[in-house]
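Line by line, the protein sequences are chains A and B.
Here our numbering is used: the first sequence runs in plain steps of one and ends on residue 717.
Here our numbering is used: the second sequence runs in plain steps of one and ends on residue 1815.
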Amino acid sequence: MPIVSTHKLTRHYQQGGLTVRALDGVDLTIEAGEFVALMGASGSGKTTLLNLIGGLDRPTSGTVEVDGRMLNQLSSGELSQLRLDRIGFVFQAYNLLPVLTAQENAEFVLLMQGVEPAERGRRIQETLRNLGLEGLGGRLPSELSGGQQQRVAVARAIAGRPALVLADEPTANLDSHTGAALVDSMRALNDNEGITFVFATHDAKVEERAKRVIWMEDGRILRDERRG
Amino acid sequence: MSSVRQSSPTLLRLAARNLQRNLRRTLITTAAISLGLALIVLTVNLNEGGYKRMMHSAISAQAGHIVVQAVGYQADPDPLLLIDHAAEVVAKAEARFPEGTVAARSRLAGLITSPNNAVGAGVLAIVPSREREITDLHTKLTEGAWLEDDDERGVILGAELARRLGVTIGEKVVLMGQGKAEVTSRLLRLRGVVRTGSLELDANIAVVTLGCAQAFLERPDSANQISVQLGSTEGTRALAAALADDLQRPDLEVLDWEQALPEIVEFIQVDRTNNVVTMSIVGFIVAIGVLNTILMSVMERIREFGVLLALGLRPSQIASIIVMEGVLLGFGSSLIGLCIGIAISYPLVRWGFDAAAMMGGESMEVAGVMLDSRIFSAWAVPEMLIWTAAAWGMTILSTLWPARTAATLEPVDAMRHV
């Protein structure tokens, strides 16, 4: 069953009187459990596609269906609820809440979902352990390294048991060793828990570990390659 | 809905942490709100003290908590509008108010002459022993002795009036004025001199006994007013009505202090209104400062709000974080402001301060009422609570626009914000 399906998805921007075709009629289907890397040069439309799939942006035309819900038919509140319950985000700049500790950041989505304290505690401890963050839960983001912060961001993204995690250049600010370890962690979550990951990335390490690589250029899909 | 309820403590915690994030800014904002409120609390307590002193002074010297007088005297205080059978009225008032003090008074206008000069004067006729329980005029005596109740030939003069007349203790003066039917005069002997602290009053006041005034007017057992002094200004309207029932005198009107002293009540109301306007302006200026601070803190966090929207928070939840920051900031600041206000008001309530140097004399006159130079504050509890709530509310109101701004953010635009 597809977790993501786009049909003739288009996003145009007006910039200084010019129309920028950030995404130009993309048809894409991603099945549940896939580990997908969107590759391409800057401006190829990777992030725009990710934003539209995540309901963070609205398409100029075309449709996006996520987890069986047509995003253009959802109200703002329903879209928020879908993001809260079904979609996790990992950003290039980590974007942790600076006033919350690592554990509080990780459990933030669970708190917003209203998960009971006992269940919440169990899930957070398990998630932090799986991501190698044991003992770091009480630290503020400013007290963590870049790699540790990005692991907390991944923990936050997956703690709420989403069907889909969208990761925009998650390794761009990390050194190659830390980046590789992080991608390995996410791949393990994909393999073990069946969480679907979609990356927008330039990183060869992500490409190497992806089950499917989609090459984009000028807002279109250039090549779609599935790997064993 | 239940998850929204469950998420509120999380958002509240986030709001509290956000306030701690830029502690210096939070402390400066808290200081602005709390010091503004403390100033307002100090002012309302000072005003309340002033109003109470003014009421007390006016009630004791000019009227009473309850006043009995001839019908029409309120509109036209003619000395000849007298209460007949005043002793009976006094007796009934004393029976109705055994804990109070009842005093009969008359007021005359006349010319006091001495061998050296003739000066117009306002003559207050009193029962000296009763008046001692009500006013502090006898404490202002600087020369001679206070009047005895049966002294129908004695007079106390204001110091300036005595100086202008050129008389000293024991010397004679003549009071001339409108009598029962025609202009009449009465020989008086100067018993004492008072110095009230007001040059105007000292140049005008003459005090005689009520018996003296009755003899002058040839109206025995009469007075212009029967004044009843009680312990409290509360509920006097009903007490006045009860006394009126007891008296059953259609020729008399029984007023409570608010009816008897309308100019004082009006002065206090106008002054209260002016103060509310002034303090509201202070509050508004503080509110603009708070609004600016909160708006600035929101603009700094736009990217963060974008992240929260991406995580699944609703725009209303983003707005509620900011409003909660206002609720917490306002609550803390208001409480601190109230405490500071109470702390700086306490010495003025307990001991007061002597403003003689600022006033240029020992006392001052406000709306025709003599006030002592020692200024006391009084706890204006309802006003303090109202202004505290207003400061809290103002802080919350200051967050509404920034909250609305944050709630209208599009996630993708907010996350691009640098």
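Cβ coordinates follow ideal geometry from the N, Cα and C atoms, glycine included.
Keep in mind it's a predicted model, so treat the numbers as computed, not measured.
### Endpoints, beta strand (DSSP E) assigned at B/Phe1773
On the second sequence, position 376 is the one that residue 1773 of chain B refers to. Careful: B/Phe1773 lies outside any beta strand (DSSP E) and carries neither H nor E.
### Message
Just list the residues that DSSP pairs A/Ile710 with in beta bridges.
### Response
By one-based count along the first sequence, residue 710 of chain A stands at place 221. Beta-bridge pairing links A/Ile710 to A/Met705.
#### Entry: Rounded Cβ spacing between A/Met705 and A/Leu541 (contact assumed at less than 8 Å)
For this step, residue 705 of chain A is matched to residue 216 along the first sequence. For this step, residue 541 of chain A is matched to residue 52 along the first sequence. Actually they do not touch by this definition, with Cβ atoms about 13 Å apart.
### Message
Please confirm whether B/Ser1405 has its beta-carbon closer than 7 Å to some beta-carbon of chain A.
### Response
Position 8 of the second sequence, counting from 1, holds the residue named residue 1405 of chain B. Not one chain A Cβ lies under 7 Å of B/Ser1405.
### Task
Please determine, among B/Glu1655, B/Asn1621, B/Ala1506, the residue with the shortest C-alpha to C-alpha distance to B/Ala1635.
Position 238 of the second sequence, counting from 1, holds the residue named residue 1635 of chain B. Ranked by how close their Cα comes to the Cα of B/Ala1635, the residues B/Glu1655, B/Asn1621, B/Ala1506 have B/Glu1655 in first place.
### Query
Is it true that the CB of B/Leu1544 sits closer than 7 Å to the CB of B/Val1525?
Taking the second sequence and counting its residues from 1, the one referred to as residue 1525 of chain B is at position 128. Taking the second sequence and counting its residues from 1, the one referred to as residue 1544 of chain B is at position 147. The amino acid occupying residue 1525 of chain B in the given sequence is Pro; Val does not appear at that position. Yes, Cβ-Cβ distance for B/Pro1525 and B/Leu1544 is below 7 Å.
### Query
Taking the runs of the beta strand (DSSP E) that are 3 residues or longer, which of them lie wholly in the region 1614-1680 of chain B?
Taken in chain order, the complete beta strand (DSSP E) segments of 3 residues or longer contained in the region 1614-1680 of chain B are 1622-1626, 1649-1653.
### Task
Determine the closest residue to B/Val1465 out of B/Ala1455, B/Ser1730, B/Glu1650, B/Arg1418, with distance taken between C-alpha atoms.
As a first step, residue 1465 of chain B must be located in the second sequence, where it is residue number 68. Ranking B/Ala1455, B/Ser1730, B/Glu1650, B/Arg1418 by Cα distance to B/Val1465 puts B/Glu1650 first.
### Task
State the start and end residues of the unbroken alpha helix (DSSP H) segment that holds A/Pro606.
Position 117 of the first sequence, counted from the first residue, corresponds to residue 606 of chain A. In the DSSP assignment, A/Pro606 falls within the unbroken alpha helix (DSSP H) covering 606-619.
### Query
Among B/Met1451, B/Lys1489, B/Gly1497, which has the Cα closest to the Cα of B/Phe1664?
Walking along the second sequence from the start, residue 1664 of chain B turns up at place 267. That would be B/Met1451, whose Cα lies nearest to the Cα of B/Phe1664.
### Query
Tell me the DSSP bridge mates of A/Gln503?
Position 14 of the first sequence, counted from the first residue, corresponds to residue 503 of chain A. DSSP output for A/Gln503 lists A/Thr508 as bridge partner(s).
### Task
Please report how far the alpha carbon of B/Pro1808 lies from the alpha carbon of B/Arg1422, in whole angstroms.
To locate residue 1808 of chain B, count along the second sequence from 1; it is residue 411. To locate residue 1422 of chain B, count along the second sequence from 1; it is residue 25. Note on geometry: alpha-carbon atoms of B/Pro1808 and B/Arg1422 lie some 27 Å from one another.
#### Entry: Spatially closest choice to B/Thr1581 from B/Gly1461, B/Gly1497, B/Leu1614, by CA coordinates
In the second sequence, counting from the first residue as 1, residue 1581 of chain B sits at position 184. Ranking the options by Cα distance to B/Thr1581, first place goes to B/Leu1614.
### Query
For A/Ser531, which three-state DSSP category applies?
For the purposes of this step, residue 531 of chain A is taken as the residue at position 42 of the first sequence. It is coil, neither helix nor strand.
### Query
Cα separation between A/Val687 and B/Arg1410?
In the first sequence, residue 687 of chain A corresponds to position 198, counting from 1. In the second sequence, residue 1410 of chain B corresponds to position 13, counting from 1. Going by C-alpha positions, A/Val687 is about 32 Å away from B/Arg1410.
### Beta-carbon spacing of B/Val1590, B/Ala1490 below 7 Å
Translated into the one-based positions of the second sequence, residue 1590 of chain B becomes position 193. Translated into the one-based positions of the second sequence, residue 1490 of chain B becomes position 93. No Cβ-Cβ contact shorter than 7 Å links B/Val1590 with B/Ala1490.
### Query
Should B/Gly1567 be labelled buried (16 or more other beta-carbon atoms within 10 Å of its own) or exposed?
The residue you call residue 1567 of chain B lines up with position 170 of the second sequence. Of the other Cβ atoms in all chains shown, fewer than 16 fall within 10 Å of the Cβ of B/Gly1567; this residue is therefore exposed.
### Query
Any Cβ of chain B within less than 7 Å of the Cβ of A/Leu600?
Here residue 600 of chain A refers to the residue found at position 111 when the first sequence is read from its first residue. At a cut-off of 7 Å between beta-carbon atoms, A/Leu600 makes contact with chain B.
### Cβ shell of B/Gly1469 (< 7 Å), same chain only, five flanking positions each side left out
One-based indexing of the second sequence puts residue 1469 of chain B at position 72. Cβ-Cβ distances below 7 Å link B/Gly1469 to Leu1478 in the same chain, with the five nearest sequence neighbours on each side left out; the list follows chain order.
### Query
Per DSSP, what kind of secondary structure is B/Gly1507 in: helix, strand or coil?
The sequence position of residue 1507 of chain B within the second sequence is 110, counting from 1. The three-state secondary structure of B/Gly1507, taken from DSSP, is strand.
### Message
Please return the same chain residues whose Cβ sits closer than 8 Å to the Cβ of A/Met559, not counting the five positions on each side in sequence.
### Response
Locating residue 559 of chain A in the first sequence gives position 70, counting from the first residue. Same-chain partners within the cutoff: Thr552, Val553.
### Query
Mind checking whether the beta-carbon of A/Asp713 lies closer than 6 Å to any heavy atom of the ligand COA?
Absent from the structure shown: the ligand COA. Ligands present: none.
### C-beta contact flag for B/Arg1418 and A/Val588 at 7 Å
Mapped onto the second sequence, residue 1418 of chain B falls at position 21. Mapped onto the first sequence, residue 588 of chain A falls at position 99. Contact flag set, yes.
### Query
Would you say A/Arg572 reaches chain B, if we count a Cβ-Cβ gap shorter than 7 Å as a contact?
The sequence position of residue 572 of chain A within the first sequence is 83, counting from 1. Taking 7 Å as the CB threshold, A/Arg572 lines the interface with chain B.
### Query
First and last residue of the beta strand (DSSP E) that includes B/Gly1589?
Here residue 1589 of chain B is taken as the residue at index 192 of the second sequence, counted from 1. From DSSP, the beta strand (DSSP E) with B/Gly1589 extends over 1580-1591.
### Query
chain B partners of A/Ser565, CB-CB under 7 Å?
Position 76 of the first sequence, counted from the first residue, corresponds to residue 565 of chain A. Neighbours of A/Ser565 in chain B, taken as residues at a C-beta separation under 7 Å, are given in chain order as Pro1712.
### Query
So, helix, strand or coil for A/His496, using DSSP?
Reading the first sequence from its first residue, position 7 is the one you call residue 496 of chain A. A/His496 falls in the strand class under three-state DSSP.
### Query
In three-state DSSP terms, what is B/Gln1417?
For the purposes of this step, residue 1417 of chain B is taken as the residue at position 20 of the second sequence. Three-state result, B/Gln1417: helix.
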